[in-house]
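**Student:** Throughout, our numbering is defined as the position within the sequence shown, counted from one, plus 1. Provided herewith is a single structure, encoded as structure tokens, for subsequent inquiry.
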Amino acid sequence: MVIRREYHRAGREELRLAKRGGKGKTREMKTSLEHLPLGKRRELNHVLGVIKDEFRKAIANRRAKGVKDGQILKVILYGSYARGDWVEDPVGRYFSDFDLLIVVSDENLTDGLEFWEGAEKRLRADLASGANLRTPADLIIHSLDDVNNALAQGRYFFADIVREGVVLFEEPNNPFVDPQPLPSETAVKEAEKYTASI
Numbered sequence: 002m003v004i005r006r007e008y009h010r011a012g013r014e015e016l017r018l019a020k021r022g023g024k025g026k027t028r029e030m031k032t033s034l035e036h037l038p039l040g041k042r043r044e045l046n047h048v049l050g051v052i053k054d055e056f057r058k059a060i061a062n063r064r065a066k067g068v069k070d071g072q073i074l075k076v077i078l079y080g081s082y083a084r085g086d087w088v089e090d091p092v093g094r095y096f097s098d099f100d101l102l103i104v105v106s107d108e109n110l111t112d113g114l115e116f117w118e119g120a121e122k123r124l125r126a127d128l129a130s131g132a133n134l135r136t137p138a139d140l141i142i143h144s145l146d147d148v149n150n151a152l153a154q155g156r157y158f159f160a161d162i163v164r165e166g167v168v169l170f171e172e173p174n175n176p177f178v179d180p181q182p183l184p185s186e187t188a189v190k191e192a193e194k195y196t197a198s199i
């Protein structure tokens, strides 16, 4: 359900960019969480600590190239908490989650079971206990090369993250490429695919 809603939103945005010739402006990514309440900032700090700690454990005894010296290059908050339009509705029982993009140094490090299961289990346990975490965290993991390739091709999902996301952590000298507009014909076709399923 959430994925479908995001696809429809992405389709509308790609159609809008296609109609105006894809002339989107890029700006430096945000780094401030001042728009969030202090409690949410503490939760995000805890989540970031868990991610880093569990990743270190996951690669500690690895020997494979790209894995033994693997790094988390960026952790970016995107979605409703980055934009400032999150929802906490106890009556309707709907609560926004923390959407996090974790950018790693090698494609081999994106395997969810092998490298990220520990972080996800620990975050679920922390959420269940309610002591340090009261907001679910949804992690997606991509290599820097993968994200830059998607940005160069004009993929809306990643361009949206670059435009609206908040950098929680970043290793220096690992920049994203400037998001390029999706070619008009491709954007219109993709938007039509998304809206056809409504």
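By construction, the Cβ of each residue, glycine as well, lies at the ideal position given by its N, Cα and C atoms. These figures come from a predicted structure and were not determined experimentally.
1. Could you check what DSSP says for residue 116 in three-state terms: helix, strand or coil?
2. Taking 8 Å as the cut-off, decide whether the C-beta atoms of residue 74 and residue 175 are in contact.
3. Have a look at the DSSP bridge pairing and note the partners of residue 143.
4. According to DSSP, is residue 169 helix, strand or coil?
5. Assign residue 173 to one of two classes, buried (16 or more other C-beta atoms within 10 Å of its C-beta) or exposed (fewer than that).
6. Can you tell me the Cα-Cα spacing of residue 214 and residue 32, whole angstroms?
7. In whole angstroms, what is the alpha-carbon distance linking residue 146 and residue 55?
8. So, do the region 118-125 and the region 80-97 have three or more beta carbon pairs nearer to each other than 8 Å?
9. Identify the continuous beta strand (DSSP E) that holds residue 75 and give its terminal residues.
**Tutor:** If we stick to the structure as given:
1. Taking the first residue of the sequence shown as 1, we reach residue 116 at position 115. Of the three classes helix, strand and coil, the one that applies to residue 116 here is helix, per DSSP.
2. Indexing the sequence shown from 1 puts residue 74 at position 73. Indexing the sequence shown from 1 puts residue 175 at position 174. Taking 8 Å as the Cβ cut-off, residue 74 and residue 175 qualify as a contacting pair.
3. Start at 1 with the first residue of the sequence shown, and residue 143 comes out as number 142. DSSP, once it has assigned bridges, lists 104 as partnering residue 143.
4. As a first step, residue 169 is located in the sequence shown; it is residue number 168 there, counting from the start. Strand.
5. Taking the first residue of the sequence shown as 1, we reach residue 173 at position 172. Exposed, since its Cβ has fewer than 16 Cβ neighbours within 10 Å.
6. Outside the shown range of the chain (2 to 199) lies residue 214, about which nothing can therefore be said.
7. The residue you call residue 146 lines up with position 145 of the sequence shown. The residue you call residue 55 lines up with position 54 of the sequence shown. Distance between the alpha carbons of residue 146 and residue 55: 23 Å.
8. no
9. Translated into positions along the sequence shown, residue 75 becomes position 74. Segment 73-79, the beta strand (DSSP E) holding residue 75.
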